[in-house]
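Undergrad: To convert a position in the sequence shown, counted from 1, into this note's numbering, add 1379.
Yeah, the Cβ is synthetic: ideal placement off N, Cα and C, and Gly gets one too.
Here it is: the structure, laid out below.
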Amino acid sequence: MNTETTAKTSQLESLHRTSQRKKAIKNAIWVLAFLAPSAIPLLIFKIIPMFASAWVSLHEWNMIAPMEWAGFGNYTRLLTSSDTWAVFGHTLLYIAGYLPLVYGGGLLIAVALNQKLKARGFLRAAYFVPVVTSWVAVALVWQWLLNPKNGLINYLLSLVNLPQPGWWTDPTWAIPSVILASAWKDLGFVMVILLAGLQAIPQEIQEAAAVDGAGRWRRFWNITFPLLTPSTFFVVVISLINGFQVFDQVYVMTGGGPSGASRVVVSRIYDLAFRYGEAGAASALSWILFAFILGITAVQMYGQRKWVNYA
1380 MNTETTAKTS QLESLHRTSQ RKKAIKNAIW VLAFLAPSAI PLLIFKIIPM FASAWVSLHE
1440 WNMIAPMEWA GFGNYTRLLT SSDTWAVFGH TLLYIAGYLP LVYGGGLLIA VALNQKLKAR
1500 GFLRAAYFVP VVTSWVAVAL VWQWLLNPKN GLINYLLSLV NLPQPGWWTD PTWAIPSVIL
1560 ASAWKDLGFV MVILLAGLQA IPQEIQEAAA VDGAGRWRRF WNITFPLLTP STFFVVVISL
1620 INGFQVFDQV YVMTGGGPSG ASRVVVSRIY DLAFRYGEAG AASALSWILF AFILGITAVQ
1680 MYGQRKWVNY A
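Written out as structure tokens, the structure is:
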């Protein structure tokens, strides 16, 4: 009797496991069906091209003749080239000017628009408009504004007897010109993120600190800014990633000039692929840039535990 009971129990468990497997497979098919509209384009336009570029980076290829195996030759040549380190230097210089400007300006605007102001909604929308504006249009406008001869900026500087730089025509001022245009366009994005962070801070904490006699400046540095660190962390990570991939504004405003003074990493990738026909070297430099960004982001993710407050 016990043997028969055990056999029936085992049979029931086997049927139950089979039913569960069929149910899991059916659920997986439904999940894949719903993911397919997003997953298929992601696979075709992102994942497959990434692996393809990794394969191309191991070859010499001018996009016309058959590819020739080069191994890690492209990587070695790029990492020992002074041109590669020069464009990385220009990119880091751009980030060093862009990040403090866009974060500081975005924080200032966010704090101002977090107050009870008239037309606050209109001002928030107005500051966000440049974010959704085409980079080509923005770059052309700033190229005119910073025109050394008839630009508005130099005209205003002349009214107060200040020096009028050559801006994008001067090797010294080419990168600062791109920084100004980039920061202006991205201020709205940073403002929205930081404004959301400010509005998530409980008002009771601010009121309690005010009752205890803390002034506005002290409340900002001891309460607001520490509680804003999650938003700050997000802004810094995203801005650094975007900064390393800067291209559109450089291409339109300066073309990498004058004399290569504003040529950045992505500009170099573009030149290698479409001007010099070195698709293998361009792909290799893309992967070097990817590794560099990945490393910087990993350091930030590790370091956030020491200064980001999620409480």
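Would the beta-carbon of P1609 fall within 9 Å of that of Y1482?
TA: Taking the C-beta atoms as reference points, Y1482 is found no nearer than 9 Å to P1609.
Undergrad: Drop a sphere of 10 angstroms on the beta-carbon of K1401, count the other beta-carbons inside from all chains shown, and report buried for 16 or more, exposed for fewer.
TA: exposed
Undergrad: Tell me which residues share the same chain as I1584 and place their Cβ nearer than 7 Å to its Cβ, disregarding the 5 neighbours each side in the sequence.
TA: I1602
Undergrad: Ignore the nearest five residues each way along the sequence and tell me which others in V1515's own chain have a CB closer than 6 Å to its CB.
TA: V1631
Undergrad: Bridge partners for W1448 per DSSP, in chain order?
TA: H1438
Undergrad: Excluding the 5 residues preceding and the 5 following I1554 in the sequence, name in chain order all residues of the same chain whose CB lies nearer than 8 Å to its CB.
TA: Excluding positions up to five away in sequence, the list reads H1469, L1472, Y1473, G1476, A1640 and S1641.
Undergrad: If you pair each beta-carbon of the stretch 1548-1565 with each one of the stretch 1510-1527, do three or more pairs fall below 8 Å?
TA: Verdict: yes, contact present.
Undergrad: Below 8 Å CB to CB, which residues in the same chain sit around I1667 once its five sequence neighbours on both sides are set aside?
TA: Y1454, L1457, L1458 and T1463
Undergrad: Figure out for me which residue from Y1649, P1479, L1492 and A1504 has the closest Cα to the Cα of V1371.
TA: Residue 1371 lies beyond the range of the chain shown here (1380 to 1690); nothing can be said about it.
Undergrad: Compute the Euclidean distance between the alpha carbons of I1580 and P1605, then round it to the nearest angstrom.
TA: Spanning the two alpha carbons is a distance of roughly 10 Å.
Undergrad: Mapping the DSSP letters down to three states, classify K1685 as helix, strand or coil.
TA: helix
Undergrad: Given this structure, state the Cα-to-Cα distance separating V1629 from R1595, to the nearest angstrom.
TA: Approximately 40 Å between the Cα atoms of the pair.
Undergrad: In three-state terms, what does DSSP make of L1607?
TA: coil
Undergrad: With DSSP collapsed to three states, give me the class of V1678.
TA: helix
Undergrad: Compute the Euclidean distance between the alpha carbons of S1537 and Q1543, then round it to the nearest angstrom.
TA: 7 Å
Undergrad: Using only CA atoms, which one of G1682, S1662 and T1611 lies nearest to A1431?
TA: A check of alpha carbon separations from A1431 across G1682, S1662 and T1611 identifies S1662 as the nearest.
Undergrad: Please report the distance separating the alpha-carbon of T1397 from that of I1408.
TA: 17 Å
Undergrad: If you drop the 5 nearest sequence neighbours on each side, which residues of the same chain put their C-beta closer than 7 Å to that of M1380?
TA: Caution applies to M1380, whose pLDDT of 49 falls short of 50 and renders its modelled position unreliable; the model cannot decide the point.
Undergrad: Roughly how many whole angstroms lie between the Cα atoms of R1598 and G1567?
TA: 25 Å
Undergrad: Counting only the same chain and skipping the five closest in sequence on each side, list residues whose C-beta sits under 8 Å from that of S1638.
TA: P1550
Undergrad: Between which two residues does the alpha helix (DSSP H) holding P1479 run?
TA: S1461 to L1492
Undergrad: Does the separation of the CB atoms of E1657 and W1440 fall below 9 Å?
TA: yes
Undergrad: Quick check on K1564: buried or exposed, where buried means 16 or more other Cβ atoms within 10 Å of its Cβ?
TA: buried
Undergrad: Which residue wins for smallest C-alpha separation from F1612, given the options K1405, G1682 and V1539?
TA: G1682
Undergrad: Can you tell me whether M1429 is buried or exposed? The criterion is at least 16 other CB atoms within 10 Å of its CB, across all chains shown.
TA: exposed
Undergrad: Identify every run of the alpha helix (DSSP H) within the stretch 1639-1681, keeping only runs that are complete inside it and at least 4 residues long; order them along the chain.
TA: Listed in chain order, they are 1644-1649.
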